Amino acid sequence: MSAIDTAAVKQYLLGLQDRICAALEAEDGHARFREDNWTRDAGGGGRTRIMADGAVFEKGGVGFSHVFGDQLPPSATAHRPEVAGRKWQAMGVSLVIHPRNPYVPTSHANVRLFVAEKPGEAPVWWFGGGFDMTPYYGFDEDCVHWHRTARDACAPFGSETYPRFKKWCDDYFFLKHRNEPRGIGGLFFDDYSVGGFEQAFAFLRSVGDAYIEAYRPVVARRKDTPYGERERNFQVYRRGRYVEFNLVYDRGTIFGLQSGGRTESILMSLPPLVRWDYDWKPEAGTPEAALYERYLVPRDWANGGA
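Quick note: the sequence shown uses numbering that gives the first Met the number 0, first residue 0, plus one each step.
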């Protein structure tokens, strides 16, 4: 493998998209992903797959993109000033799944490679990504499984890897204006080049491969749980937090919009139905209150949720 083997990364990412889509279609049992191949004027393109109105998944988007540019937007150069004035390319798979049943959590995953190059200088590159889960009605069993799968994906890369990237996820997916986490977290990493290209790419693959292992058993366990209007209304209300985070804070969304990305593919993560209620609070002692009190609190889920 060469110093930076972008072809190998692209091949892996396209295969990952295929495998995730196949697993989700099998779990839904009804809907299929519709594929949209696109290009952008600024350079590059992608393969967006959308599922809608499924038996299990109300909306799901699993997108691959490989885009190029001559000038990075301010959101990127402010974070890494050494990439200013360099040509760049970014490739990745990004997905968000919005289930129909309120007892099935929403999930998000992303794995990506960024490379910035300048003649006569060594390329600047890094991997990033992770996955996180956003329940509406929490279950300890689901949270423990999710985080233990994340921990196992990190284990071959050092005992400090999972705790570090779990905390980064807790800190990143936090709505400052609400003073609350988006969900129960998972993994988040960026600017990752530990051990050189081969080892860092192996870590990316471990995280990417773990997503379906973490999510599908939770979906299977909860997808047939009976629910009514109360649970549905709470789910749609809580989806508003997802929209707020993605449009206000999410680094990938901001980068995509500022770099001339394809708007439909960038915003495929938004839920199909959402509501905002003025100054709403759950009643004490209800399952809705339990979400805030137990599950929207960072916990050591990999060790049982203490």
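Glycine included, each C-beta is placed from N, C-alpha and C at the ideal position. Model, not experiment: these values are computed from the prediction.
Apart from sequence neighbours up to five positions away, the residues of its chain that approach A152 with a beta-carbon distance below 7 Å are S205, V206, A209, ordered along the chain.
In this chain, the beta strand (DSSP E) harbouring Q88 covers 86-98.
Beta-bridge analysis with DSSP links A51 to K58.
Closest in C-alpha terms to L203, from the list A154, G42, A219, comes A154. Two segments are said to touch when three or more pairs of C-beta atoms, one from each, lie closer than 8 Å; by this definition the stretch 280-290 does not touch the stretch 242-251. The Cβ atoms of F63 and G43 do not sit closer than 8 Å to each other. In this structure, the beta-carbon distance from L112 to G60 does not fall below 8 Å.
Judged by DSSP in its simplified three-state form, N36 adopts strand.
Rounded to the nearest whole angstrom, the CA to CA distance from G14 to A25 is 17 Å.
Residue N232 holds the alpha-carbon nearest to the alpha-carbon of R274 among R31, N232, A51. DSSP, read as helix, strand or coil, puts W125 in strand. Unbroken beta strand (DSSP E) stretches of 3 residues or longer found wholly inside the stretch 172-237: 184-191, given in chain order. Closest by C-alpha distance to R163, out of D69, F188, Y277, F173, is F188. A straight-line Cα-Cα distance of about 30 Å links F130 and Y277. Here DSSP, grouped into helix, strand and coil, assigns S264 to helix. Taking C-beta atoms under 8 Å as the contact rule, K58 and H97 qualify, at a distance of about 5 Å. For F254, the uninterrupted alpha helix (DSSP H) run begins and ends at 250-257, by DSSP.
DSSP links D131 through a beta bridge to H107, G185.
H65 is bridged by DSSP to G44, M90.
By the Cβ-count criterion, T224 is exposed, with fewer than 16 other Cβ atoms from all chains shown falling within 10 Å of its own Cβ. For A22, the three-state secondary structure derived from DSSP is helix.
A residue is called buried when at least 16 other Cβ atoms come within 10 angstroms of its Cβ; G260 meets this threshold and is buried.
Your pair W37 and V143 does not check out as a contact, with CB atoms roughly 39 Å apart and the cut at 8 Å. Using a Cβ distance threshold of 8 Å, D52 and P104 do not count as a contacting pair. About 7 Å separates the CB atoms of R33 and R48; that is less than 8 Å, so the two are in contact. Taking the Cα of V92 as reference, the smallest distance to any Cα among G84, V8, V218 is reached at V8.
If you compare the alpha carbons of D27, A89, W167 with that of F126, the shortest gap goes to A89.
Of the other Cβ atoms in all chains shown, 16 or more fall within 10 Å of the Cβ of G184; this residue is therefore buried.
E159 sits in coil when the DSSP states are folded into three classes, being neither helix nor strand. Around P271, the same chain offers A51, E57, K58, H97 as residues with beta carbons nearer than 8 Å, after the five sequence neighbours per side are excluded.
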